[in-house]
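Residue numbers for the sequence shown follow the UniProt record's numbering, so the first one is 1 and each next one is one higher.
Note that the Cβ used here is the ideal one computed from N, Cα and C, for glycine as well.
Just so we're clear, the structure is a prediction, and the values are computed from it rather than from any experiment.
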Amino acid sequence: MGEPIDVSGDGGVLKTVLKPSDSNESPENGHEVEVHYTGKLESGKVFDSSYDRNTTFKFELGNGNVIKGWDLGVSTMKVGERSEFVIQPNYGYGESGAGESIPPNSVLKLRFLPLALPLYLFLTLLQFEIELINTRVKPKNKWELSIDEKIQVSRDLKAQGNSKFSFGNFTSAISLYSEAVDYLDEASEWPEESRKEANTTLLQCHLNLANCHLKVANYKSAESSASEALKLDKASVKGYFRRALARIHEFEFEKAIGDLNEVLKLDRDNKDALNYLSVAKSRLRECNEKDKKGIMVDLGNMGTMVAMGNMGNMVTQCIMVALGNMALHRCNARSCRSRF
1 MGEPIDVSGD
11 GGVLKTVLKP
21 SDSNESPENG
31 HEVEVHYTGK
41 LESGKVFDSS
51 YDRNTTFKFE
61 LGNGNVIKGW
71 DLGVSTMKVG
81 ERSEFVIQPN
91 YGYGESGAGE
101 SIPPNSVLKL
111 RFLPLALPLY
121 LFLTLLQFEI
131 ELINTRVKPK
141 NKWELSIDEK
151 IQVSRDLKAQ
161 GNSKFSFGNF
171 TSAISLYSEA
181 VDYLDEASEW
191 PEESRKEANT
201 TLLQCHLNLA
211 NCHLKVANYK
221 SAESSASEAL
231 KLDKASVKGY
241 FRRALARIHE
251 FEFEKAIGDL
261 NEVLKLDRDN
271 KDALNYLSVA
281 KSRLRECNEK
291 DKKGIMVDLG
301 NMGTMVAMGN
311 MGNMVTQCIM
321 VALGNMALHR
331 CNARSCRSRF
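Structure (structure tokens):
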């Protein structure tokens, strides 16, 4: 962890780089930036997190859409960098605060507070960790674009996603592919030629999304993206294969076996499919054996409980008979024991 940097020049915004970036991409005013962040109270309790929502936060830099400290701090970051900031009230929420979580005159503390930073009484310290995912010139609103422009924008976004994927930046790639899909959400209503062009891009984006989600272990999302791809192309080997991988990780082995069999119908010599089919069948057998053993244990426990219940009934009957006999002075202890 590096030393704090005074990015505001007056101690109002201090920055510490947690994870540097090799990228030279830095945002400029007017750019649309995309970040992941986690906000914590001084106690460590998380009060806001884009990770929990499984979605990034986007805003236009330098346009006053966020607090001044965020605008200033994020403008110093590079794509892929993760940093912590300490933001004083005059660069944060000021005297008004922001609801119950952020009282007036709060110092916004991005994970840690350097010893050199003065503390003020009764200030609530909030922690944020910010990672810059992406930056680009803000595109036109979707409703302003023609069909051809939407198709071109989606292609450009897909190409950017491919670039991010090639560098292992899967989170950024997911965001770009998802946005490309969003630009084509009305494609089913377009003229046939435009619809075909859009569906080609949609298929590629859904397949790429499935691959990215597998890389970051979002298996349910990977399954969903692969299923969307298969709606567009029922003969997609990649669609069936990636959905099978997701289902194996979700322990849905029967469904995974079905998908892998579809892969082999389309490509019978697919070695990866053959290998994973063997894995899925083996895991399914293991699960079935465990289920059988579990059922036998349950039946054994049930039998024990029934036997104990019957024994309890016999004991109760014996005691009742014995008490009756005692009342008549005709108790026969041996006959009582013989009932067990």
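Open item on the list: The beta strand (DSSP E) that contains I87, what's its start and end?
Closed with: 82 to 87
TODO: With DSSP as the reference, please indicate the residues paired to I5 in a beta bridge.
DONE: K15
Open item on the list: I want to know whether the stretch 159 to 179 touches the stretch 65 to 78 - three or more CB-CB distances under 8 Å.
Closed with: no
Task: Helix, strand or coil at Y177 [DSSP, three-state] - done: helix
Open item on the list: Just to confirm my understanding: we take L119, look at its own chain, exclude 5 residues before and 5 after, and list those with CB closer than 7 Å. What are they?
Closed with: Residue placement at L119 cannot be trusted, given a pLDDT of 32 that sits under 50; what the coordinates show is reported in the next sentence. Within the same chain, L119 has no close Cβ partners at all.
Task: From L176, I67, L260, E189, residue whose alpha carbon lies closest to that of E34 - done: L176
Task: Three-way DSSP call (helix, strand, coil) for P20 in this model - done: coil
Task: As assigned by DSSP and simplified to three states, the class of F251 - done: coil
- [ ] Assess, as a yes-or-no matter, whether the stretch 279 to 287 is touched by the stretch 239 to 253 under the definition of 3 or more beta carbon pairs within less than 8 Å.
- [x] yes
Task: Paired residues, beta bridge with D48 - DSSP - done: G39
Open item on the list: I'd like to know if the stretch 222 to 232 and the stretch 194 to 212 are in contact, where contact means that at least 3 CB-CB pairs between them fall below 8 Å.
Closed with: yes
Open item on the list: On the CB-based measure, 16 or more other CB atoms within 10 Å of its CB, does G69 come out buried or exposed?
Closed with: buried
Task: Inter-residue spacing [alpha-carbon to alpha-carbon] between H31 and I133 - done: 13 Å
- [ ] Determine the contact status of N29 and N63, defining contact as a CB-CB distance below 9 Å.
- [x] yes
Task: Three-state class that DSSP yields for R268 in the structure shown - done: coil
Task: Helix, strand or coil at L61 according to DSSP, with G and I counted as helix - done: coil
Task: Cβ contact (3+ pairs, closer than 8 Å) linking the stretch 184 to 198 and the stretch 141 to 160 - done: yes
Open item on the list: Using the three-state DSSP reduction, which class does V137 fall into: helix, strand or coil?
Closed with: strand
Open item on the list: Going by C-alpha to C-alpha distance, which of K238, V86, D52 sits closest to D6?
Closed with: V86
Task: Residue from L202, E193, E192 with nearest C-alpha to A180 - done: L202
TODO: Enumerate in chain order the residues of its own chain whose CB-to-CB distance from G161 is below 6 Å, with the five nearest sequence positions on each side excluded.
DONE: A173, L176, Y177
Task: Segment limits, alpha helix (DSSP H) that includes L184 - done: Here L184 belongs to no alpha helix (DSSP H), and DSSP marks it neither H nor E.
TODO: Note down the Cα distance separating residue 341 from E60, rounded to an integer number of angstroms.
DONE: Because the chain is modelled from 1 through 340, residue 341 falls outside the range shown and cannot be assessed.
Open item on the list: Quick check on the DSSP output: the alpha helix (DSSP H) that includes I147 runs from which residue to which?
Closed with: 147 to 166
Task: For T56 and N288, the rounded distance between their alpha carbons - done: 40 Å
Open item on the list: Here's the rule: buried if 16 or more other CB atoms are within 10 angstroms of the residue's CB, otherwise exposed. What is R242?
Closed with: buried
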